[in-house]
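Protein chains in written order, with our numbering: chain A, 114 to 227; chain B, 5 to 118.
Let me begin by presenting the structure, written as structure tokens, before commenting on it.
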Amino acid sequence: SQKIEQNSEALNIQEGKTATLTCNYTNYSPAYLQWYRQDPGRGPVFLLLIRENEKEKRKERLKVTFDTTLKQSLFHITASQPADSATYLCALSPLSGGYNKLIFGAGTRLAVHP
Amino acid sequence: DVKVTQSSRYLVKRTGEKVFLECVQDMDHENMFWYRQDPGLGLRLIYFSYDVKMKEKGDIPEGYSVSREKKERFSLILESASTNQTSMYLCASMPQTGVYNEQFFGPGTRLTVL
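Below you can see the structure in the form of structure tokens.
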């Protein structure tokens with residue numbers, strides 16, 4: 114069956130450390146993958162997009178990697194801050210979806226402690 | 005600043021009632037989506053629309069219908085609300101330009117069906 118999985122347990126890290134979140138998928142051929150941030154009681158906000166032929170993408174303190182052999186994306190936040198505390202969602206666009214459809218993971222909650 | 009608005013942040017309805025959730029976007033986007041979000045399940049696509057009067061079923065359309073009479077407005081209708089439709093409902097829009105596009109989300113409507 115098709116699955117997109119993120120670690121359901123919260124990730125707790127110390128301020129200043131690098132947070133690494135994992136997104137694994139099964140039985141999809143993604144055209145691209147996106148990461149979103151969601152704060153409690155709010156809608157997700159887009160952070161980064163990485164295409165299936167890209168290995169790595171960076172934006173300020175954020176870095177995303179995409180390994181289509183391992184069927185995995187890693188999302189890194191360097192020099193993390195308490196303000197980075199939120200739930201992070203990965204979403205992939207399957208090649209069969211016409212590039213409009215996104216399949217979302219359940220998200221991983223990140224808590225950055227001072 | 006781009007915006008997706010939803011008619012209500014919180015809604016309480018009784019079983020059997022007809023419920024309308026409204027979504028408006030001001031970005032002239034062709035694509036609009038309705039998701040529901042439940043703990044541990046992530047965002048699940050109910051319906052989406054790629055043009056006025058056009059709609060396609062998502063992964064969980066049962067018990068729902070939609071209407072898109074104008075480009076900026078996408079309505080989700082629960083014909084006869086049931087308790088298992090208690091959830092957070094999120095609307096999103098996405099442009100049709102290019103291939104790789106992000107989705108812009110509204111703040112969500114938390115619906116409780118008693």
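Quick reminder that beta carbons are idealized off the backbone N, C-alpha and C, glycines included.
All values derive from a computational prediction rather than experimental measurement.
Counting only C-beta atoms, is Ser142 (chain A) closer than 8 Å to chain B at any point? Against the first sequence, residue 142 (chain A) aligns to sequence position 29. For Ser142 (chain A), not one C-beta of chain B is nearer than 8 Å to its own C-beta.
Spatial distance of Asn88 (chain B) from Phe37 (chain B) (CA atoms): For the purposes of this step, residue 88 (chain B) is taken as the residue at position 84 of the second sequence. For the purposes of this step, residue 37 (chain B) is taken as the residue at position 33 of the second sequence. About 20 Å.
Just reading off the beta strand (DSSP E) that Glu26 (chain B) is part of, what are its end residues? Residue mapping note: residue 26 (chain B) aligns to position 22 of the second sequence, counting from 1. For Glu26 (chain B), the enclosing beta strand (DSSP E) covers residues 23 to 29.
For Leu161 (chain A) and Tyr93 (chain B), what's the separation of their Cα atoms in angstroms? Taking the first residue of the first sequence as position 1, residue 161 (chain A) is located at position 48. Taking the first residue of the second sequence as position 1, residue 93 (chain B) is located at position 89. For Leu161 (chain A) and Tyr93 (chain B), the distance between alpha carbons rounds to 23 Å.
Using three-state DSSP, classify Gln89 (chain B) as helix, strand or coil. Numbered from 1 along the second sequence, position 85 holds the residue referred to as residue 89 (chain B). In this structure, Gln89 (chain B) counts as helix in the three-state DSSP scheme.
Taking 8 Å as the limit between beta carbons, can you name the residues of its chain near Lys126 (chain A), skipping five residues before and five after? Position 13 of the first sequence, counted from the start, is the residue given in the question as residue 126 (chain A). A quick correction: the sequence has Ile, not Lys, at residue 126 (chain A). Its chain contains Ala132, Ser193, Leu223, Ala224, Val225, His226 as the residues whose beta carbon lies nearer than 8 Å to that of Ile126 (chain A), once the 5 sequence neighbours on both sides are disregarded; these appear in chain order.
Flag Gln29 (chain B) as yes if its beta-carbon sits less than 8 Å from any beta-carbon of chain A, otherwise no. Position 25 of the second sequence holds residue 29 (chain B). No, Gln29 (chain B) does not count as interfacial toward chain A.
Per DSSP, what kind of secondary structure is Asp197 (chain A) in: helix, strand or coil? The residue labelled residue 197 (chain A) in the question sits at position 84 within the first sequence. Helix.
Spatial neighbours of Thr90 (chain B) within its chain, please: C-beta separation below 8 Å, excluding the five flanking residues on both sides. As a first step, residue 90 (chain B) must be located in the second sequence, where it is residue number 86. Its chain contains Leu115, Thr116, Val117 as the residues whose beta carbon lies nearer than 8 Å to that of Thr90 (chain B), once the 5 sequence neighbours on both sides are disregarded; these appear in chain order.
Suppose you measure from the CA of Gln147 (chain A) to the CA of Ser79 (chain B); what does that come to, to the nearest Å? Position 34 of the first sequence, counted from the first residue, corresponds to residue 147 (chain A). Position 75 of the second sequence, counted from the first residue, corresponds to residue 79 (chain B). Cα atoms of Gln147 (chain A) and Ser79 (chain B): separation of roughly 26 Å, rounded to the nearest angstrom.
Length of the line joining the Cα atoms of Arg18 (chain B) and Glu26 (chain B): In the second sequence, residue 18 (chain B) corresponds to position 14, counting from 1. In the second sequence, residue 26 (chain B) corresponds to position 22, counting from 1. Each residue's Cα considered, the two are about 18 Å apart.
Alpha carbon of Gly44 (chain B) to alpha carbon of Glu122 (chain A), nearest angstrom: Residue 44 (chain B) sits at position 40 when you count from the first residue of the second sequence. Residue 122 (chain A) sits at position 9 when you count from the first residue of the first sequence. Those two C-alpha atoms are separated by around 10 Å.
Can Glu118 (chain A) and Gly220 (chain A) be called in contact, C-beta distance under 8 Å? As a first step, residue 118 (chain A) is located in the first sequence; it is residue number 5 there, counting from the start. As a first step, residue 220 (chain A) is located in the first sequence; it is residue number 107 there, counting from the start. No. Outside cutoff.
Let's see if you can read the secondary structure: which residues bound the beta strand (DSSP E) around Gly46 (chain B)? The count along the second sequence starts at 1 and reaches residue 46 (chain B) at position 42. Counting along the chain, the beta strand (DSSP E) containing Gly46 (chain B) begins and ends at 46 to 55.
Counting only beta-carbon separations shorter than 8 Å, does Phe109 (chain B) have a partner in chain A? Within the second sequence, numbered from 1, the residue matching residue 109 (chain B) stands at position 105. Interface residue, yes.
Mapping DSSP to helix, strand and coil, what is Ser209 (chain A)? If you number the first sequence from 1, residue 209 (chain A) lands on position 96. Helix at Ser209 (chain A).
Contact with chain A by Tyr104 (chain B), beta-carbon distance below 8 Å: The count along the second sequence starts at 1 and reaches residue 104 (chain B) at position 100. A Cβ of chain A is located within less than 8 Å of the beta carbon of Tyr104 (chain B).
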